[in-house]
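For the sequence shown, full-length UniProt numbering gives the first residue as 1, with consecutive numbering after it.
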Amino acid sequence: MAETSDFKAQPPEGIDAIGASSEGASLFQLIRDDIIEGRLAANERLVVTDLARRHGTSTNPVREALQLLRGEGFVTFVPNRGARVRPIDQDFVRDIYEIGVLIEPALTKWFVNMATVEDIAELERIQDLIEENNFADPFRHSELDTAFHTVMYQKHYNRHAAELWWKHREVLRAVSRRFDFTLARRAAILSEHRELIAHVKAGHANEAAELIARHVEGSGRHILEHMRARNAARAG
1 MAETSDFKAQ PPEGIDAIGA SSEGASLFQL IRDDIIEGRL AANERLVVTD
51 LARRHGTSTN PVREALQLLR GEGFVTFVPN RGARVRPIDQ DFVRDIYEIG
101 VLIEPALTKW FVNMATVEDI AELERIQDLI EENNFADPFR HSELDTAFHT
151 VMYQKHYNRH AAELWWKHRE VLRAVSRRFD FTLARRAAIL SEHRELIAHV
201 KAGHANEAAE LIARHVEGSG RHILEHMRAR NAARAG
């Protein structure tokens, strides 16, 4: 089996994965992880000088990272009050995945009508690797799963839609890292991917679009169920 790093998912061509300097991108990842893991509390004020001191850097990369986090919805800016941590709650996750439910069917329908033999072969190749991994390495699965969907959207003429898909998917990927896949969700992912490939082969654009909507919604609901269970355990 190849190394996990061989399958690092990349954004569609023309879309910058982070859109920042190397230092700003690194801080973006660190601060985002702190927000998701609760080390930076919901509504906590984010002081640029404090963050720079904590991470041993200057203030410019911190400002850059905060703007990126604002773009992904992890940070809010209030006039005269600065930046604050946005609560990563169920409403946040619902809003993100519902955007995917709206966007991805249109992207998928276009792909089915334009897919080449090579595109289908690539979907099957990546799906074989997903099944070979069989969720043993969650990080590897995440990278392969993202690569699978990128095959369908990377050639779309509407780069704004493709970029919106990528950014929102990356948000959900970051949040979902805290949770394991249930056995039911694992089975659904594998069967839905295979069914999707079959629809692409047959040129069934409408059926593929309907399936991808269910697929995205299922992913979002899976995260929400984990969040509800975690909150219930904390309350109990």
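Cβ coordinates follow ideal geometry from the N, Cα and C atoms, glycine included. Here the structure is a predicted model, which means the values were calculated and not measured.
As assigned by DSSP and simplified to three states, the class of residue i
i, result
"residue 82", "strand"
"residue 183", "helix"
"residue 47", "coil"
"residue 2", "Bear in mind that a pLDDT of 43 at residue 2, under 50, signals an unreliable position, so the model cannot answer this."
"residue 77", "strand"
"residue 53", "helix"
Per-residue burial, residue i [other beta carbons within 10 Å of its own, 16 or more giving buried]
i, result
"residue 37", "exposed"
"residue 176", "buried"
"residue 102", "exposed"
"residue 79", "exposed"
"residue 153", "buried"
"residue 40", "buried"
"residue 146", "buried"
"residue 194", "exposed"
"residue 60", "exposed"
"residue 157", "exposed"
"residue 115", "buried"
"residue 182", "exposed"
Extent of the continuous alpha helix (DSSP H) run through residue i
i, result
"residue 213", "205 to 235"
"residue 133", "117 to 133"
"residue 58", "First-last for residue 58: undefined, no H or E at that position."
Reference residue i, options the options, closest by Cα
i, options, result
"residue 28", "13, 9, 10 and 71", "71"
"residue 203", "224, 48 and 113", "113"
"residue 66", "142, 125 and 83", "83"
"residue 10", "143, 85, 118 and 89", "143"
"residue 207", "21, 46, 48 and 111", "111"
"residue 31", "13, 81, 86 and 12", "86"
Check whether the region 59 to 76 and the region 190 to 201 are in contact - that is, three or more C-beta pairs closer than 8 Å. no
State whether the region 203 to 214 contacts the region 163 to 177, with contact taken as three or more CB pairs (one from each stretch) at a distance under 8 Å. no
Flag this pair as touching only if the region 45 to 62 and the region 175 to 191 have three or more C-beta atom pairs under 8 Å; answer yes or no. no
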